[in-house]
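Residue numbers (the numbering used here), protein chains in the order written: chain A, 15 to 249; chain B, 15 to 249; chain C, 15 to 249; chain D, 15 to 249; chain E, 15 to 249; chain F, 15 to 249.
Protein chains: 6
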Amino acid sequence: MLNVIVTDPPRADLEQVDKLAEYGVATVHEAIGRDGYLGPAIRPNQQGARISGTALTVLCWPGDNLMIHAAVEHARPGDIIVITTTSPNSDGAFGELLATSLRAHGVRGLVMAAGLRDTQELRDMAFPAWTASVSAQGTVKETPGSVNVPVTIGGQLIRPGDAIVADDDGVCVVPRLDVPKAVTASAARVAKEDKNRTQLADGALGLDMYNLRPKLEKVERISYAEYARRAGEGS
Amino acid sequence: MLNVIVTDPPRADLEQVDKLAEYGVATVHEAIGRDGYLGPAIRPNQQGARISGTALTVLCWPGDNLMIHAAVEHARPGDIIVITTTSPNSDGAFGELLATSLRAHGVRGLVMAAGLRDTQELRDMAFPAWTASVSAQGTVKETPGSVNVPVTIGGQLIRPGDAIVADDDGVCVVPRLDVPKAVTASAARVAKEDKNRTQLADGALGLDMYNLRPKLEKVERISYAEYARRAGEGS
Amino acid sequence: MLNVIVTDPPRADLEQVDKLAEYGVATVHEAIGRDGYLGPAIRPNQQGARISGTALTVLCWPGDNLMIHAAVEHARPGDIIVITTTSPNSDGAFGELLATSLRAHGVRGLVMAAGLRDTQELRDMAFPAWTASVSAQGTVKETPGSVNVPVTIGGQLIRPGDAIVADDDGVCVVPRLDVPKAVTASAARVAKEDKNRTQLADGALGLDMYNLRPKLEKVERISYAEYARRAGEGS
Amino acid sequence: MLNVIVTDPPRADLEQVDKLAEYGVATVHEAIGRDGYLGPAIRPNQQGARISGTALTVLCWPGDNLMIHAAVEHARPGDIIVITTTSPNSDGAFGELLATSLRAHGVRGLVMAAGLRDTQELRDMAFPAWTASVSAQGTVKETPGSVNVPVTIGGQLIRPGDAIVADDDGVCVVPRLDVPKAVTASAARVAKEDKNRTQLADGALGLDMYNLRPKLEKVERISYAEYARRAGEGS
Amino acid sequence: MLNVIVTDPPRADLEQVDKLAEYGVATVHEAIGRDGYLGPAIRPNQQGARISGTALTVLCWPGDNLMIHAAVEHARPGDIIVITTTSPNSDGAFGELLATSLRAHGVRGLVMAAGLRDTQELRDMAFPAWTASVSAQGTVKETPGSVNVPVTIGGQLIRPGDAIVADDDGVCVVPRLDVPKAVTASAARVAKEDKNRTQLADGALGLDMYNLRPKLEKVERISYAEYARRAGEGS
Amino acid sequence: MLNVIVTDPPRADLEQVDKLAEYGVATVHEAIGRDGYLGPAIRPNQQGARISGTALTVLCWPGDNLMIHAAVEHARPGDIIVITTTSPNSDGAFGELLATSLRAHGVRGLVMAAGLRDTQELRDMAFPAWTASVSAQGTVKETPGSVNVPVTIGGQLIRPGDAIVADDDGVCVVPRLDVPKAVTASAARVAKEDKNRTQLADGALGLDMYNLRPKLEKVERISYAEYARRAGEGS
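Okay, structure coming up:
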């Protein structure tokens, strides 16, 4: 459904969403059942930022950033703007003026499957951004798309109001209604990992801790001499 | 026209070229009519460098850096060396010895659609470089190409003596004779953006500032309930 | 030969291996005859690290990190773990818990043709890593592969016990028995380059230093006017 | 929501769905408002096939085809099986035995964002397939995913029971409830194009037929001499 | 120089251009000094077509085919339309209606660095096409570009009126004024290859025919036993 | 070990190798334990060819086909020439003259991780070829590489004399000494698949035939209504 702006999408509870940033992308992704990761193509424009917020979604036509401007007046404090295009496009649809505008409306950062420019300026102003490309190529403002409709990035469906968490490992989406259990499960996972970390640092083996030895049952342990014999090397 | 070295290409006025670095890639690209950007594949080897200069162009065969050596004696102070290959190739044709040599002849930096090596050393010696790949793979010095002929990177034609501007957003070429108007137009754009930035920071909307509302005429604004109804979700 | 763990592969002399880190990837690659470079797709997770060690090789199934856990008990101090998958896969098979575990067993770092996660944590704990992708996508622990069999990354064969050297330019493998001559040849190359560097910094031309002028014999040197005439531009 | 099999998803009216194949992918995509195209990465395994059907969706783990087997018992005559993986993977998850099995249950063809094998056999048995990769690489049957949940390919959301149309141009999805209007709009588009085609074949210009001249208002028409003068070529 | 239409570009002699099709892409590319090949990304939409003609060039914005419509009235019999976009884009900017229109104006075929649709229809109507992508994704007609300005595809500069030759190996451009010598050199090359082919079919070695043995001077010929010894395999 | 020609590599028994072509790539790959597949990037230049033979390996420098010429005099009837480059390169290193020459020496076909040209001529002369790219771009004959040393394509190690099998699904390598057991295992697999095919055509489920139901234990079967409730759609 193209060419619509949804004006009042429901939204995850922001207090809960805020907690996701404490856990980070890998933990949240695992905690919700290995789901929601936007893939390795979405990379941070800075090092060390970790944020969470609610998705303000934008669907643009390639080489056109009209709808990003249209989205600003629908921004709510705590939002992260999530932008994609109707077909893959790397043009520089977003730069520091848009960041300035969005920050004025309470937006915390950017996730984009298109091109980012003014990358140094965005780092200087500490506006965190994750993007598929860096490109200075300019865009036009001609063709309408949509605001606050479901979009997909890296195969993941992102609905307006879903929770977004982003750090140096990339970006993860958590469906709006699943945020509370994501928070709980993330906390549990961190607690478990803290315990595992201590044991591993002491030299314990994951094979034993996670009970993986039965899965290696069919794996032969052989000497190098036997390996060389089988491979026929040097024979 | 392969296998030629052009010895005396005309060259943009260096004083004018120097001014382009003040404005940066995105601004210059917009100022010349959204033109000249070398695309998102050419990435900086360092963070925070911004330079401009005139193009010393080199066309190499894949896996061969003979012509880079041939180019050195044609370098002029203020040049940026611009290297490409006759077919796509990522081998490490350029490293710190060539940078040392070119710097001794007044060259300010490197733009390359091939592979760069000694990346840490280049950062240490503050020789700025933009490249399509980082690769330690060695090259031979066997097959002639050309120096100071027109080359293309990212779909853009670069003639020897054209102006090059490069920063964290990538690289832009400005045709030799267009440099003065690029400087003027960049200055005008920066002035306009300064004004826009102030307004946007105060909460003004780009929709209003750029008079974009007429372009959203056919975009329906609907409630989430209406959206859900149309999408047939849950019905 | 899948589904084997080789328990006692021979190994390059660690004292010799340690010396390779002094020279770095580009030098070692050239010194062994332009060989062993793992290609531009394997990139560092940090800036400025330079390490060497012996290869502890792991072959995993896509989306599965069972064999990394299996590899830990075969780690030897001085090893670098080298991980690939039976088909290309970017999932986040390796993170800080595995790094903690491997470090406890003396492993110096990671080279991986798959996905890395916990990238900030790995930088924080100074565990150096080189990887084809960054991805938080979780993996399962179900399907056996192999440990300490020959693997390939970037077209290079890596046997267990071979020497690995890695820095900002990427990663190079040196066959186990070739390490001593790699050390000697690297030292010779560095000495030669130091001399060349001095001359190049003084303005000497590589064309003369490397005796390349005969190779330019068939390259015509022409004026820009002649070039324009031939190209038919403006005629 | 991973690891579920939805047993009774609603489904587009098959009689209506059948009509979409008459119009083909490009027409249907345009008719529904330039929406639903699965992108250029999904290519046909044969030339000249054009089919439509309802989506039987499958979400697999990379390198694992367990869930394709699980999907067979949920197939309904008239379905097209639509398969993707939780992260990008090209392994050969589907071949002629699965095609034989699915055909026995009334499935009309395959759309897959993974790897296809037995490509010649599938052509011989006239089982039409569209796929992101051809690969003989075998898969395991270990890790559960889902059947008949929403999946995405090429940025498009595909719900079980949605209509799929596929031909030499690729694949398009039509949301279940939009099929009737897609049929009507496609018919209207074909009628209009038939009329346009006749005029264009007679030499009429699209500029006039589509009233595009106002959009070229700002485009200067200049002579080649003027162009050369401005470009400064030869001057 | 964007947003111009050049109305009367000079043009290679069509009678000479026609002869290029007799020789094909590989021969012509070699005959002009290994130049002009548009690279492996531009693939034929059909098998067995071989055409030549003069370039009618079009520069479009991504996702926009307005300028293709603008180009039609500047087509001249014998032209091949050559289309690219200001940034990489795979959308289906060209289909059978445009082919119908261009054919009515004497255009022989299409070369495009964007997306093609109606691929089966184009084969059915025998309108030969070479393209970077196949895509049904629709485009808008909003943003002006240029007609008959120089464009680049695969790193090659194509001026309006240059000769284009295309076959199953891809596409080659010959600068307008170089066509006569390209024809002569192609004929000479074919004659030489005919002679070589006969000798090679009789078992002669290229090593001897092309006098390559001196170039193998430094290549050691060793037995397999010696190879195995050096590689240290099995020792 | 670069710059060597191994003159007498051992070789798989040709009579056994010939049998592999009866089974095809997917079957042989599975029969040897899901190993040896050269990946989806190596595609056939023709449809319907299926061949097997012994590997004559060639390692070239990028953009250089000198060593292919050097390989011809080491060809043995029944060989398939297997060519790769020291770094990725798509140039057209192989065409119909080399095919003519190799055929005269008994070579059955080509497998190449570089560029192929004269594609139509090769189909016309029925010389089967599998390649990573089609490209007319010419190569030089300057820089030595190796003949009959181990090479890798798609992560697989190919030793001279190993068996190669190739069809529409791609290419598989079988280590020289493993060929007899590959033949036996392939025959067994075909027999088993014939039986399975009959059952599947009759409507049997793979879930039952392969005893997969226990692996779906943790997969919930839910109604669409329940799914919609959980997903919170429309709530």
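The beta-carbon is built from N, C-alpha and C at its ideal position, and this holds for glycine as well.
Chain E within 9 Å of residue i, Cβ atoms only
i	result
residue 77 (chain A)	yes
residue 250 (chain B)	Because chain B spans 15 through 249 in this model, residue 250 (chain B) falls outside it and cannot be assessed.
Rounded C-alpha distance that separates residue i from residue j
i	j	result
residue 33 (chain B)	residue 197 (chain B)	7 Å
residue 100 (chain B)	residue 104 (chain E)	24 Å
residue 155 (chain C)	residue 153 (chain D)	15 Å
residue 91 (chain C)	residue 179 (chain F)	42 Å
residue 213 (chain A)	residue 211 (chain C)	50 Å
residue 249 (chain F)	residue 243 (chain F)	The predicted position of residue 249 (chain F) is uncertain, since its pLDDT is 37 and thus under 50; no value can be drawn from it.
residue 227 (chain E)	residue 220 (chain E)	10 Å
residue 84 (chain E)	residue 56 (chain C)	46 Å
residue 27 (chain E)	residue 192 (chain E)	10 Å
residue 58 (chain D)	residue 96 (chain D)	14 Å
residue 215 (chain D)	residue 122 (chain B)	56 Å
residue 207 (chain C)	residue 124 (chain C)	30 Å
residue 81 (chain E)	residue 229 (chain D)	10 Å
Chain C within 9 Å of residue i, Cβ atoms only
i	result
residue 132 (chain D)	no
residue 53 (chain F)	yes
residue 64 (chain A)	yes
Proximity test, Cβ basis, 9 Å: residue i and chain F
i	result
residue 98 (chain C)	yes
Proximity to residue i [Cα-Cα], best of the options
i	options	result
residue 70 (chain F)	F:88, F:79, F:64	F:88
residue 231 (chain C)	B:176, B:174, B:230, B:159	B:159
residue 194 (chain D)	D:40, D:176, D:206	D:176
residue 140 (chain E)	E:110, E:217, E:68, E:228	E:110
residue 35 (chain B)	B:56, B:229, B:65	B:65
residue 162 (chain C)	A:38, A:200, A:233	A:233
residue 147 (chain F)	E:68, E:185, E:54, E:39	E:54
residue 241 (chain B)	A:164, A:41, A:217	A:164
residue 43 (chain F)	F:187, F:113, F:81, F:108	F:187
residue 120 (chain A)	A:126, A:40, A:94, A:60	A:94
residue 29 (chain D)	D:185, D:203, D:108, D:68	D:68
Residue-chain proximity (residue i, chain A), Cβ-Cβ < 9 Å
i	result
residue 249 (chain D)	Confidence in residue 249 (chain D) is poor, its pLDDT being 36 and thus under 50, which makes the residue's placement unreliable; the coordinate value appears in the next sentence. Cβ-Cβ to chain A under 9 Å: no for residue 249 (chain D).
residue 90 (chain B)	no
Neighbour flag for residue i against chain B, beta carbons, 9 Å
i	result
residue 67 (chain E)	no
residue 36 (chain C)	no
residue 93 (chain F)	no
residue 73 (chain C)	no
Cβ of residue i within 9 Å of any chain D Cβ
i	result
residue 16 (chain A)	yes
residue 182 (chain A)	no
- Is there contact here, the segment 70-77 of chain F with the segment 131-138 of chain F, by at least three beta-carbon pairs under 8 Å? no
- Message: Count Cβ pairs between the segment 17-31 of chain A and the segment 228-244 of chain B that sit closer than 8 Å; are there 3 or more?
- Response: The segment 17-31 of chain A, when compared against the segment 228-244 of chain B, does touch it at the 8 Å Cβ threshold.
- Task: For the segment 184-214 of chain C, enumerate the residues whose C-beta is nearer than 7 Å to any C-beta of chain B, in chain order.
- Result: Hits within the stretch, in order: 184, 186, 207, 210, 211, 214.
- Task: Taking a Cβ distance cut-off of 9 Å, strictly less, list which residues of the segment 112-139 of chain D are near chain A, in chain order.
- Result: 127
- Query: Should the segment 163-182 of chain A be regarded as contacting the segment 45-64 of chain A, the criterion being three or more beta carbon pairs within less than 8 Å?
  - Reply: yes
- Select from the segment 144-178 of chain C all residues with a C-beta closer than 8 Å to any C-beta belonging to chain D, and list them in chain order. 149, 151, 154, 156, 157
- Item | Within 9 Å of chain D by C-beta, residues of the segment 235-246 of chain F in sequence order | 235, 236, 237, 238, 239, 240, 241, 244, 245
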